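See below for the structure under consideration.
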Amino acid sequence: MPYMQRFFLLFILILSSLSISGCSQKFQDVNDTLNLALFGNEDTVLSQSEIKALPYASMYAQIDGGPQAFLVLGLVEPTNQFKTHPSTKKQFHSTESQTSSLTTEKQQLKWLSSDKGMLVTQSGRLVKTLNLPHGNLSYISNLDHDPVAIGLHQSNAPQEWTRFIDWQPGYHFGYTLSSRFAPGEKQTIRVNEQLIDVLYIIEHVIVRELDLEFENEFWIDSNTGQVIKSRQKIAPGLPYISTTILKPFA
30 MPYMQRFFLL FILILSSLSI SGCSQKFQDV NDTLNLALFG NEDTVLSQSE
80 IKALPYASMY AQIDGGPQAF LVLGLVEPTN QFKTHPSTKK QFHSTESQTS
130 SLTTEKQQLK WLSSDKGMLV TQSGRLVKTL NLPHGNLSYI SNLDHDPVAI
180 GLHQSNAPQE WTRFIDWQPG YHFGYTLSSR FAPGEKQTIR VNEQLIDVLY
230 IIEHVIVREL DLEFENEFWI DSNTGQVIKS RQKIAPGLPY ISTTILKPFA
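Per this note's numbering: the sequence shown = residues 30 to 279.
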């Protein structure tokens, strides 16, 4: 059976299972019976025609420079304006005046691989992960004020952002992260055999409690502000994840 036909049939089985059971159980049941190596030992590379043939949004992803995986968009869920931290029960929300000035995409996109992995993005920011080998980001606050979501291609976009995160393994709750964004640098990159004009932006992150610093990188469409490529550290001590959008969610 051709690769794309086999991939399509297996992915339909994955999606069908998602409507039957709870999240972690879904992945366990499906992956006990399917063996599609999207996070395998070798890079996965699809042609432009193969990517277009699939009716789903898709991306490439790499964990810390490892093999390149092909992920498809399995679920789209709306976000809530009010965010309650699971441990402190503290609410984070925008005031009416603040909210009216935001252009934040109010959706979280859940990208699936058949080896039990899931990446969750909001406006290109990695906001949660599941079943990754080294650990997972479980919570991030204050997403309404993320400059990446507001649109760093705009001249009046904010250049600073503070939030706190939780991650596993271990009991890592409520660590404060403060970001400052450098001015964008114009570049042209090739994605899926197409040239795209982008702004290359570096996000400098400070983790106050650990006296630790690191940088995230974003390649943003110069016209729309959409994140085309990124290299993000989801939490201190966890590896970088690189993403490249191949077929965006419409």
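All C-beta atoms in this analysis are idealised placements derived from N, C-alpha and C, irrespective of residue type, glycine included.
This one's a predicted model, so the numbers in the text were calculated from it and none came from an experiment.
Between Val156 and Leu172, the gap from beta carbon to beta carbon is short of 8 Å. Burial is judged here by how many other beta carbons sit within 10 angstroms of a residue's own beta carbon; Thr253 has fewer than 16 and is exposed. Classified as exposed, Val74 has fewer than 16 neighbouring CB atoms from the shown chains inside 10 Å of its CB. The straight-line gap separating the alpha-carbon atoms of Leu100 and Ile80 is approximately 11 Å. In the DSSP annotation of this structure, the continuous segment of the alpha helix (DSSP H) that includes Ser78 starts and ends at Gln77 to Ala82. Residue nearest to Gln151 within the set Glu189, His174, Arg219 and Thr217 is His174 (criterion: CA-CA distance). For Glu222, DSSP assigns no beta-bridge partner whatsoever.
Beyond the five residues adjoining it in sequence on each side, Val177 comes within less than 7 Å, by CB distance, of Ser152, Gly153, Arg154, Phe247 and Val256 in the same chain, given in chain order. The C-alpha of Tyr168 is placed about 18 Å away from the C-alpha of Leu141.
For Val156, the enclosing beta strand (DSSP E) begins and ends at Arg154 to Leu159.
Where Ile179 is concerned, the enclosing alpha helix (DSSP H) starts and stops at Pro176 to Ile179.
Using a Cβ distance threshold of 8 Å, Thr272 and Lys262 do not count as a contacting pair.
Between Val236 and Ser208, the CB-CB gap reaches or exceeds 8 Å.
With a 10 Å radius around the Cβ and a threshold of 16 neighbouring Cβ atoms, Thr158 comes out buried.
Around Lys215, the same chain offers no residue with a beta carbon nearer than 6 Å, after the five sequence neighbours per side are excluded.
Put simply, the backbone Cα of Asp93 is about 30 Å away from that of Gln183. A Cβ-Cβ separation of about 4 Å places Ala86 in contact with Phe278 under the 8 Å criterion. Cβ contact annotation for Ile230 (same chain, cutoff 7 Å, sequence separation greater than five): Leu181, Phe210, Ala211, Gly213, Phe247 and Ile249, in chain order.
In this structure, the CA atom of Leu104 is about 15 Å from the CA atom of Lys276. Assignment of beta-bridge partners to Asn165 by DSSP yields Gln197. Assignment of Leu172 by DSSP, reduced to helix, strand and coil, places it in the helix class.
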